Amino acid sequence: MSENVRFVRMGIGDRSVPYQEAWEEQQRLHALRVADEIPDTVLLLEHPPVYTAGRRTNPEDRPLDGTPVVEVNRGGEITWHGPGQLIGYPIVKLPEPMDVVAYVRRLEEALIRACGEFGVETTRIEGRSGVWVLGESLPGAVVDPAQVVDIGSLTLRMGLPLGIDPRLAGPEYAASNAGQRGDDRKLAAIGVRVARGVTMHGFALNCNPDMSWFDRIVPCGIRDAGVGSVSTELGRVFPVGEALPAVEKHLAEVFAELAEPALAR
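Using this note's numbering, you'd call the opening residue of the sequence shown number 1 and step up by one each time.
Right under this line is the structure:
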């Protein structure tokens with residue numbers, strides 16, 4: 001990963017970028033980055049409304065009304081992209097030894113820091129990628145063991161069984177909701193692909209979208225949590241343009257940290 005990251009504001013608002021156009025640009029930049037002909041590059045944009053399905057999407061999570069879905073080669077499941085949502089596609093070369101989990105944690109960390117700057121406290125949830133606002137604690141709630149997420153040695157906050165440098169693992173994760181609080185709300189979804197050591201796809205931060213688009217699907221295949229936005233958390237309109245400077249700043253920070261050679265394995 002290079003020390004300097006180039007940010008390209010590809011188009012927001014009236015200049016939103018169709019999904020296929022952005023996908024073709026990702027592929028073009030990916031080939032150039034593999035060949036070391038360009039620096040690490042992050043595309044930032046909005047899309048017109050579109051549903052995309054990652055490799056792990058379940059048929060029952062798709063729109064029930066037959067709305068078209070674009071199949072993509074990223075990880076994760078089905079989600080929606082559209083106006084009011086800041087999309088980020090980092091095209092970056094990962095350092096060796098390559099650690100994709102640490103990279104995803106860094107994307108989460110950048111968005112957590114940015115949301116903090118906006119005035120919204122967010123966190124990670126164990127076993128679930130992305131950036132979350134926790135539901136309110138329920139007085140007298142009893143944990144339902146059937147809902148407890150147990151991913152054993154793959155527990156990402158533990159890290160060490162996978163050889164992850166603990167300094168890359170970020171803060172402790174909140175426990176998955178097991179009936180002890182109200183609905184958690186996902187503010188940012190993450191789905192990535194790494195090919196030939198270079199990343200594609202990325203993140204979607206809900207700034208001020210029309211949340212009804214999520215009603216037709218089971219976002220990311222998660223049925224026991226909700227979807228939120230920075231606007232709903234702040235109680236005011238929070239446009240994508242307002243998010244851009246902070247997101248760029250914190251992405252640059254965490255990519256620089258990931259590249260630090262002092263982080264010995």
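Cβ coordinates follow ideal geometry from the N, Cα and C atoms, glycine included. Remember, predicted model here, so these are calculated numbers, not experimental data.
| Item | Value |
| --- | --- |
| Under 8 Å between the Cβ atoms of valine 72 and glycine 54? | yes |
| Express the C-alpha separation of arginine 9 and proline 239 in angstroms, rounding to a whole number. | 15 Å |
| For proline 83, count neighbouring C-beta atoms within 10 Å of its own C-beta (all shown protein chains included) and say buried if the count is 16 or more, exposed if not. | buried |
| How many angstroms separate the CA atom of valine 50 from the CA atom of alanine 246? | 25 Å |
| So leucine 43 and glutamate 25 are in contact, right, with Cβ under 8 Å, and what is the actual spacing, rounded? | 7 Å |
| Leaving out five residues on either side along the sequence, give the residues of the same chain with a beta carbon under 8 Å from the beta carbon of serine 16. | Leu45, Glu46, His47, Pro48, Pro83 |
| Please list, in chain order, all residues of the same chain as leucine 234 whose beta carbon is under 8 Å from its beta carbon, the five residues on each side excluded. | Phe118, Gly119, Val120 |
| Measure from the alpha carbon of asparagine 206 to the alpha carbon of each residue in Arg193, Thr232, Val194, then state which is nearest. | Thr232 |
| Confirm, please, whether the CB-CB distance from aspartate 36 to valine 5 is below 8 Å. | no |
| When burial is assigned at 16 or more other CB atoms within 10 Å of the CB, is valine 70 buried or exposed? | exposed |
| Applying the 10 Å Cβ sphere with the 16-neighbour rule, what's the burial state of glutamate 108? | buried |
| Anyone know if the C-beta pair for aspartate 184 and valine 230 falls short of 8 Å? | no |
| Skipping 5 residues on each side, what residues in its chain have a beta carbon closer than 6 Å to that of glycine 130? | Lys186, Ala188, Ala189, Ile190 |
| For phenylalanine 214, report the span of its beta strand (DSSP E) as first-last. | Premise fails: phenylalanine 214 is in no beta strand (DSSP E) and is neither H nor E. |
| Can you tell me the Cβ-Cβ gap for methionine 200 and isoleucine 91, rounded? I've got them flagged as a contact below 8 Å. | 7 Å |
| Within 10 Å of its beta-carbon, does valine 271 have 16 or more other beta-carbons around it, so buried, or fewer, so exposed? | This structure gives no information on residue 271, because the portion of the chain shown stretches from 1 to 265. |
| Could you give the C-beta distance for tyrosine 103 and leucine 94, rounded to a whole number, given that I count them as a contact under 8 Å? | 6 Å |
| In three-state DSSP terms, what is phenylalanine 203? | strand |
| In terms of residues, what are the limits of the beta strand (DSSP E) holding valine 34? | Premise fails: valine 34 lies in the alpha helix (DSSP H), 19-34, not in any beta strand (DSSP E). |
| If you draw a straight line from the alpha carbon of threonine 79 to that of glutamate 96, how long is it in whole angstroms? | 31 Å |
| Report the residue from Gly241, Thr122, Glu21 whose alpha carbon sits nearest the alpha carbon of glycine 266. | Because the chain here runs from 1 to 265, residue 266 falls outside it and cannot be looked at. |
| Please specify which runs of the alpha helix (DSSP H), each continuous and at least 4 residues long, are wholly inside the segment 38-121, giving them in chain order. | 100-118 |
| Could you spell out where the beta strand (DSSP E) holding valine 194 opens and where it closes? | 185-195 |
| Rounded to the nearest angstrom, what separates leucine 64 and aspartate 215 at their Cα positions? | 10 Å |
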